[in-house]
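Visitor: One structure coming up, written as structure tokens, with questions to follow.
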Amino acid sequence: AQSVTQLGSHVSVSEGALVLLRCNYSSSVPPYLFWYVQYPNQGLQLLLKYTSAATLVKGINGFEAEFKKSETSFHLTKPSAHMSDAAEYFCAVSVGGAQKLVFGQGTRLTINP
Amino acid sequence: EAGVAQSPRYKIIEKRQSVAFWCNPISGHATLYWYQQILGQGPKLLIQFQNNGVVDDSQLPKDRFSAERLKGVDSTLKIQPAKLEDSAVYLCASSLENGLLPTDTQYFGPGTRLTVL
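Protein chains in written order, with the working numbering: chain A, 10 to 122; chain B, 44 to 160.
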């Protein structure tokens, strides 16, 4: 069965520092992978998605993620954190032929001034 | 373009009561999803509609949960009777495409936070 595991339920970085949120997937077939962000009291918003076209995927708000098949990883990065990046981040994998998303448990990102 | 609308935003009920949530997807979106997000967890798909037909309801607790999508637009999710463990945020999402492509983008509403006492 396809699944994702997010390493670290809480990540704290200083403003201006590198953001690295980890996601590892388990899939018997080439996966389609997504990163979503959820701000307090809001729904989820798509940051970026991997659809096998390119291993380095650029998303909104300066985020990017790299698909590494050898490491079964799809980590999310941003070179310089901003206070507005504080939110919950979810990695997800698309299951089966239809777009049934299976989400990780989420990583709460805190930005320290 | 207006986003996915949900109501109510918050609901508090006692166990064994019934409750209903409403979702209006983005205009023209064929596929509609209901997710349950328990505190501290990622969203879990409850049911997926393609127009007004059910594509996947394998994780919907059918003894107490029901959902419908009349005329392929709005949708309601009902819980009857509610249990304490149903306390969660219920998210509605929609996608433009037919939902059969693994890369379709889902657009989420703000959710309904349900508290069962």
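Cβ coordinates follow ideal geometry from the N, Cα and C atoms, glycine included.
At least one CB of chain B closer than 8 Å to the CB of A:Phe-99: is that the case?
Guide: It does; some Cβ of chain B falls within 8 Å.
Visitor: Find the nearest neighbour of B:Tyr-76 within the set B:Cys-66, B:Arg-52, B:Gln-60 and B:Leu-160, judged by alpha-carbon distance.
Guide: The residue with the shortest Cα to Cα distance from B:Tyr-76 is B:Cys-66.
Visitor: Which residue's Cα is closest to the Cα of B:Leu-120: B:Gly-71, B:Glu-128, B:Leu-134 and B:Thr-158?
Guide: Nearest of B:Gly-71, B:Glu-128, B:Leu-134 and B:Thr-158 to B:Leu-120, Cα basis: B:Leu-134.
Visitor: Taking just the CA atoms, how far does B:Ser-138 sit from A:His-84?
Guide: Cα to Cα, A:His-84 sits roughly 25 Å from B:Ser-138.
Visitor: Is it the case that the Cβ atoms of A:Gln-47 and A:Glu-97 are separated by a distance below 8 Å?
Guide: A contact, by the Cβ cut-off of 8 Å.
Visitor: By the 10 Å Cβ neighbour count, where 16 or more other Cβ atoms means buried, how is B:Gly-96 classified, buried or exposed?
Guide: Classification of B:Gly-96: exposed, given that the 10 Å Cβ count is below 16.
Visitor: Kindly indicate if chain A contains any beta-carbon less than 8 Å away from that of B:Pro-51.
Guide: With 8 Å as the cut-off, B:Pro-51 does not count as an interface residue toward chain A.
Visitor: Taking a Cβ distance cut-off of 7 Å, strictly less, list which residues of the region 71-86 of chain A are near chain B, in chain order.
Guide: Going along the region 71-86 of chain A in chain order, one finds no residue with a Cβ nearer than 7 Å to chain B.
Visitor: Can you tell me where the beta strand (DSSP E) with A:Phe-72 in it begins and where it stops?
Guide: Segment: none, A:Phe-72 is in no beta strand (DSSP E) and carries neither H nor E.
Visitor: Are the C-beta of A:Leu-55 and some C-beta of chain B separated by less than 8 Å?
Guide: Taking Cβ atoms only, chain B reaches closer than 8 Å to A:Leu-55, which makes this a yes.
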